[in-house]
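Colleague: The listed protein sequences derive, respectively, from chains Z and X.
Each position in the first sequence, counted from 1, maps to that position plus 596 in this note's numbering.
Each position in the second sequence, counted from 1, maps to that position plus 105 in this note's numbering.
Using N, Cα and C, we set each Cβ at its ideal position, and we do this for glycine too.
One structure, as structure tokens, below. Some questions next.
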Amino acid sequence: MTKPKMSGAKAIIESLHMENVKVIFGYPGGQVLPLYDELYDADIRHILVRHEQAAVHAADGYARATGNVGVCLATSGPGATNLVTGIATAYMDSVPIIAITGQVPRPLIGNDAFQEANITGITLPITKHNYLVQDTKDIPRIFKEAFYIAGTGRPGPVLIDVPKDTQIETIEFEYPQEVKLRGYKPTYTGNEQQVKKAAALILKSEKPIFYVGGGIIISNATEELRALAECIMAPVTTTLMGMGAFPSAHPLSVGMLGMHGTRYGNYAVQESDLIIAIGVRFDDRVTGKISAFAPNAKIIHIDIDPAEIGKNVRVDVPIVGDAKNILKSMLKFVKQEQMKTEAWNTKIAAWKKEFPLTYKKDNFLRPQFVVEQISEICPDAIIVTEVGQNQMWAAQFFNYKNPRTFISSGGLGTMGYGFPAAMGVKVGKPESTVIDIAGDGSFQMNSQELATVVQEDIPVIVAILNNGFLGMVRQWQELFFNRRFSSTCIEGSVDFVKLAEAYGALGLRARKKSDVKDVIKEAVKSERPTVIDFVVEREENVSPMVPAGAAINEILDLE
Amino acid sequence: MKHTVAVLVENKPGVLTRVAGLFSRRGFNIESLAVGVTENADTSRMTIVVSGDDNVLEQVMKQLNKLIDVIRVTDIPQEDSVNRELALIKVGVDSDTRAEVMQIVDIFRAKIVDVGVKSLIVEVTGDESKINAIKQLLRQFGIKEMVRTGKVAMNRGAKVVQSEKK
Chain Z
597 MTKPKMSGAK AIIESLHMEN VKVIFGYPGG QVLPLYDELY DADIRHILVR HEQAAVHAAD
657 GYARATGNVG VCLATSGPGA TNLVTGIATA YMDSVPIIAI TGQVPRPLIG NDAFQEANIT
717 GITLPITKHN YLVQDTKDIP RIFKEAFYIA GTGRPGPVLI DVPKDTQIET IEFEYPQEVK
777 LRGYKPTYTG NEQQVKKAAA LILKSEKPIF YVGGGIIISN ATEELRALAE CIMAPVTTTL
837 MGMGAFPSAH PLSVGMLGMH GTRYGNYAVQ ESDLIIAIGV RFDDRVTGKI SAFAPNAKII
897 HIDIDPAEIG KNVRVDVPIV GDAKNILKSM LKFVKQEQMK TEAWNTKIAA WKKEFPLTYK
957 KDNFLRPQFV VEQISEICPD AIIVTEVGQN QMWAAQFFNY KNPRTFISSG GLGTMGYGFP
1017 AAMGVKVGKP ESTVIDIAGD GSFQMNSQEL ATVVQEDIPV IVAILNNGFL GMVRQWQELF
1077 FNRRFSSTCI EGSVDFVKLA EAYGALGLRA RKKSDVKDVI KEAVKSERPT VIDFVVEREE
1137 NVSPMVPAGA AINEILDLE
Chain X
106 MKHTVAVLVE NKPGVLTRVA GLFSRRGFNI ESLAVGVTEN ADTSRMTIVV SGDDNVLEQV
166 MKQLNKLIDV IRVTDIPQED SVNRELALIK VGVDSDTRAE VMQIVDIFRA KIVDVGVKSL
226 IVEVTGDESK INAIKQLLRQ FGIKEMVRTG KVAMNRGAKV VQSEKK
């Protein structure tokens, strides 16, 4: 059989077809014109954003919500550099995306040509891998490898930089059946001896606790986690990235841990005698003062990335592999009858009663109340967040039941992530209600995407918890800088209702507690892109809080 | 403490940048780095000397392994390996001192590879301490220029570092 001849641009489209790509988020420009010309006829939905940063966040949201690889596209130079924040965001949270960038023609590379940037050099530390197409006939192989690398092992972003002349040159197209990468062979099955060792530690423990994160969600291991937790009757605490990995309302759930975790979750970790850490990386926001972290606990650490094990804490039993496989095999070695966790669970239940997650219940419209109402009215919604106070309240006060329903920039903490990511989520999960729980600061970092969601008819709801402040920074200034609110007041920056209307979206506002239910219902019913401006208490703090540098049981309630 | 790490990598452009970039952004210190092609034309081998304790070494090896273009990372223990470095040293000489320099070169089993009126170039191969020792002795005559390759190392005996094992 003869191989079909086609341009490099067409070969890219064919490669995307082979990878089952249905949607791309992108923005055109000079060095991707041949590719956009091919896209014009292709059976791939292209969503035209208004800023490249939104394209990469949308691809990221799409990937987190569906588990598939998300794809974004930008031109060379400024187009490519506008992707950088989003690529770093995806890298920190292990999200599989492919970023395709145009590049100046090969003969011009290195000459400081118009709109030239060395994007493979720039993204070296924030991609799992990246490619510069130097030979047009490599395009099929590079795309095959890129999708494989992005989506397997510990997922992550892969960038492919495509010089314009390689998009035009003709090649014979043949998509490889398999990848041959000598230096990339992720481990999926945990070593059975290690699993047995871990099981033995579990059976001996009296105060075990699960500390689980995004790895559980990536490996689709929520059922196995639940089965193991219920079998050994151990409490489960999740990281921010792990919200949804274990049902928030489950009796064994102790909520989130760390800086803005629950008091009982942090107490349980600190007093535990065994931590079963799965798909987590012992981030400083979680551990607090690392030398004082869980002083009496032995640690089992399960992760697909061997470099995460032993990076921040000493580990007693490391197991490298896929969480789902390892939890499955661990279930064979533990028996409920041998566990002695009753006293432990009683103690935790008492903590839960004594130190509940709460806020002031008065007549003022408080942001936590808004999140609770969203949780009540839209229990099956996918929640996307911006970064800051809104993100913490969204994590604390929404009742999560399923994985991939809490989508947030955890590692990098990228303000402006939520709205474009929500757009990607909605495209990937059109049947779900998608709500971006936003702050007035973060939302304004990418509010131009209202044009995209209206033009492309992507009915996401943006719920702005509007306090007229860059709230989290303001909170730190209140607590640690003597209430000197340096450059954090943004009151009156825009009328969000009119802003929404100007773009052709629906704008709603709630000032009183009694308005909240109605506006949420109206937003859902409208099936239109909607912005709700919740005018909330201005100086509400995220509570409780572990001050930076303190141990996580030195957690304070804030007024 | 110093560790020697042998890193087999794809013989492709940009790989050195990836490895060097990793060291700088993770805050690891490179003492020396030598690179060249191996018995397979598509594979290069880097010998990297890194300073730090055992935890640093473990992280260096794990992080290197995460690079897609890195095929295999091996720790080469000092005591059970051959360690060599080559140095070229340009020493200032005159008719009075030339003979003395040549004598030192002889004792170290080094070679004189270029002779000029006022200088000569000494080529010396050996482990770090040998090169440091000859440098020390030649210093009195005036070292005008010196270049070192960085260390290369290989396990003694039957043990080999091969690409297939990863």
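1. Shorter than 8 angstroms from the beta carbon of H897(Z) to some beta carbon of chain X?
2. Counting only Cβ pairs nearer than 9 angstroms, list the residues of chain Z close to I153(X).
3. In angstroms, rounded to a whole number, what distance separates the CA positions of P721(Z) and L679(Z)?
4. Could you name the residues of the region 733–748 of chain Z whose beta carbon sits closer than 7 angstroms to any beta carbon of chain X, in the order they occur along the chain?
5. With 16 other CB atoms within 10 Å as the buried threshold, where does K920(Z) fall?
6. Any C-beta of chain X sitting closer than 8 angstroms to the C-beta of K907(Z)?
7. So which residues on chain Z does G126(X) lean against when the C-beta distance must stay under 8 angstroms?
8. Should the region 686–693 of chain Z be regarded as contacting the region 650–661 of chain Z, the criterion being three or more beta carbon pairs within less than 8 angstroms?
9. Cα separation between E115(X) and T785(Z)?
10. Please state the DSSP three-state secondary structure of C827(Z).
11. Thinking S1028(Z) and A977(Z) are a contact (beta carbons under 8 angstroms), I'd like their distance in whole angstroms, please.
12. Short check: CB of I226(X) to CB of I194(X), under 8 angstroms?
13. Between Q267(X) and chain Z, is the shortest Cβ-Cβ distance under 8 angstroms, so that the two count as touching?
14. Which residues of chain Z have a Cβ atom closer than 7 angstroms to the Cβ of D174(X), listed in chain order?
15. Just by C-beta distance, which residues in the region 870–903 of chain Z are closer than 8 angstroms to chain X?
16. Cα separation between V774(Z) and Q789(Z)?
17. Closer than 8 angstroms is the cut-off here; do at least three beta carbon pairs connect the region 1102–1112 of chain Z with the region 1122–1129 of chain Z?
18. Should the region 1036–1052 of chain Z be called in touch with the region 1006–1020 of chain Z, which here means at least 3 C-beta pairs below 8 angstroms?
19. Can you tell me which of the three DSSP states Q183(X) falls into?
20. Return the Cβ separation of E712(Z) and V700(Z) in integer angstroms, given the expectation that the two are a contact with Cβ distance under 8 angstroms.
21. If we cut at 8 angstroms on Cβ distances, does T122(X) have a partner in chain Z?
22. Run through the DSSP bridge pairs and tell me what G197(X) is partnered with.
23. Shortest alpha-carbon distance to A841(Z) belongs to which of L848(Z), G809(Z), G854(Z) and P847(Z)?
24. Are any of the Cβ atoms in chain Z nearer than 8 angstroms to that of E163(X)?
25. For A794(Z), which residues from the same chain have a beta carbon less than 7 angstroms from its beta carbon, with the 5 sequence-adjacent residues on both sides left out?
26. Does DSSP put E938(Z) in a helix, in a strand, or in coil?
27. Mapping DSSP to helix, strand and coil, what is Q208(X)?
28. H653(Z) touches chain X at which residues, Cβ-Cβ below 9 angstroms?
29. So, under 8 angstroms CB-CB, V1138(Z) and E1150(Z) are touching, yes? Tell me the CB distance rounded to an integer number of Å.
30. If you measure between the beta carbons of K724(Z) and G752(Z), is that distance less than 8 angstroms?
31. Pair every Cβ in the region 184–203 of chain X with every Cβ in the region 218–234 of chain X, then say whether three or more of these pairs are closer than 8 angstroms.
32. Can you list, in chain order, the residues of its chain whose CB lies under 6 angstroms from that of E1123(Z), leaving out five sequence neighbours each side?
33. Kindly provide the ranges of any beta strand (DSSP E) runs that are 3 or more residues long and lie completely inside the region 705–768 of chain Z, ordered along the chain.
34. Return helix, strand or coil for A1106(Z), following the three-state DSSP convention.
35. Give the straight-line distance between the Cα atoms of V645(Z) and F621(Z), rounded to the nearest whole angstrom.
36. Are three or more beta carbon pairs between the region 881–889 of chain Z and the region 849–859 of chain Z nearer than 8 angstroms?
Modeller: Straight from the coordinates:
1. Numbered from 1 along the first sequence, position 301 holds the residue referred to as residue 897(Z). Output row for H897(Z): interface = no.
2. Indexing the second sequence from 1 puts residue 153(X) at position 48. Simply none; closest approach about 16 angstroms.
3. Residue numbering aside, residue 721(Z) sits at position 125 when the first sequence is read from its first letter. Residue numbering aside, residue 679(Z) sits at position 83 when the first sequence is read from its first letter. Rounded to the nearest angstrom, the two C-alpha atoms are 14 angstroms apart.
4. I745
5. For this step, residue 920(Z) is matched to residue 324 along the first sequence. So K920(Z) ends up on the buried side.
6. Residue 907(Z) sits at position 311 when you count from the first residue of the first sequence. Yes, K907(Z) lies at the interface with chain X (some Cβ there is under 8 angstroms from its Cβ).
7. Position 21 of the second sequence, counted from the first residue, corresponds to residue 126(X). Neighbours of G126(X) on chain Z, chain order: L720 and P721.
8. yes
9. For the purposes of this step, residue 115(X) is identified with residue 10 of the second sequence, where counting begins at 1. For the purposes of this step, residue 785(Z) is identified with residue 189 of the first sequence, where counting begins at 1. C-alpha separation (whole angstroms): 26 angstroms.
10. For this step, residue 827(Z) is matched to residue 231 along the first sequence. C827(Z) falls in the helix class under three-state DSSP.
11. As a position in the first sequence, residue 1028(Z) is number 432, starting the count at 1. As a position in the first sequence, residue 977(Z) is number 381, starting the count at 1. Contact flag correct, Cβ pair sits at about 7 angstroms.
12. Your numbering for residue 226(X) matches position 121 in the second sequence. Your numbering for residue 194(X) matches position 89 in the second sequence. Against a cut-off of 8 angstroms, the Cβ pair of I194(X) and I226(X) comes out as a contact.
13. To locate residue 267(X), count along the second sequence from 1; it is residue 162. Cβ-Cβ to chain Z under 8 angstroms: no for Q267(X).
14. Numbered from 1 along the second sequence, position 69 holds the residue referred to as residue 174(X). Here the neighbours are G779.
15. D901, P902 and A903
16. Numbered from 1 along the first sequence, position 178 holds the residue referred to as residue 774(Z). Numbered from 1 along the first sequence, position 193 holds the residue referred to as residue 789(Z). Residue identity differs from the one stated: residue 774(Z) is Glu in this sequence, not Val. E774(Z) and Q789(Z): Cα-Cα distance of roughly 31 angstroms.
17. yes
18. yes
19. Taking the second sequence and counting its residues from 1, one reaches residue 183(X) at position 78. Helix.
20. One-based indexing of the first sequence puts residue 712(Z) at position 116. One-based indexing of the first sequence puts residue 700(Z) at position 104. E712(Z) to V700(Z), Cβ: 5 angstroms. Contact.
21. Counting from one through the second sequence, the residue named residue 122(X) turns up at place 17. Yes, T122(X) counts as interfacial toward chain Z.
22. As a position in the second sequence, residue 197(X) is number 92, starting the count at 1. According to DSSP, which records beta bridges pairwise, G197(X) is partnered with S224(X).
23. In the first sequence, the residue the question calls residue 841(Z) occupies position 245. With distances taken between Cα atoms, A841(Z) lies closest to G809(Z).
24. For the purposes of this step, residue 163(X) is identified with residue 58 of the second sequence, where counting begins at 1. For E163(X), the answer is yes, since a Cβ of chain Z falls inside 8 angstroms of its Cβ.
25. Against the first sequence, residue 794(Z) aligns to sequence position 198. So the qualifying residues of the chain are I896, V913, I915 and M926.
26. Counting from one through the first sequence, the residue named residue 938(Z) turns up at place 342. Note: E938(Z) maps to helix in three-state DSSP.
27. Here residue 208(X) corresponds to residue number 103 of the second sequence, with the count starting at 1. Correct three-state label for Q208(X): helix.
28. Looking up residue 653(Z) in the first sequence gives position 57. Simply none; closest approach about 23 angstroms.
29. Numbered from its first residue, the first sequence carries residue 1138(Z) at position 542. Numbered from its first residue, the first sequence carries residue 1150(Z) at position 554. The pair is not a contact, with the Cβ atoms about 16 angstroms apart (cut-off 8 angstroms).
30. As a working note, residue 724(Z) is residue 128 in the first sequence. As a working note, residue 752(Z) is residue 156 in the first sequence. Their beta carbons are under 8 angstroms apart, which means K724(Z) touches G752(Z) by this criterion.
31. yes
32. The count along the first sequence starts at 1 and reaches residue 1123(Z) at position 527. Result list for E1123(Z): P1055, in chain order.
33. 725–728, 754–759 and 766–768
34. Here residue 1106(Z) corresponds to residue number 510 of the first sequence, with the count starting at 1. Correct three-state label for A1106(Z): strand.
35. Along the first sequence, one-based indexing puts residue 645(Z) at 49. Along the first sequence, one-based indexing puts residue 621(Z) at 25. Cα-Cα distance, rounded: 7 angstroms.
36. yes
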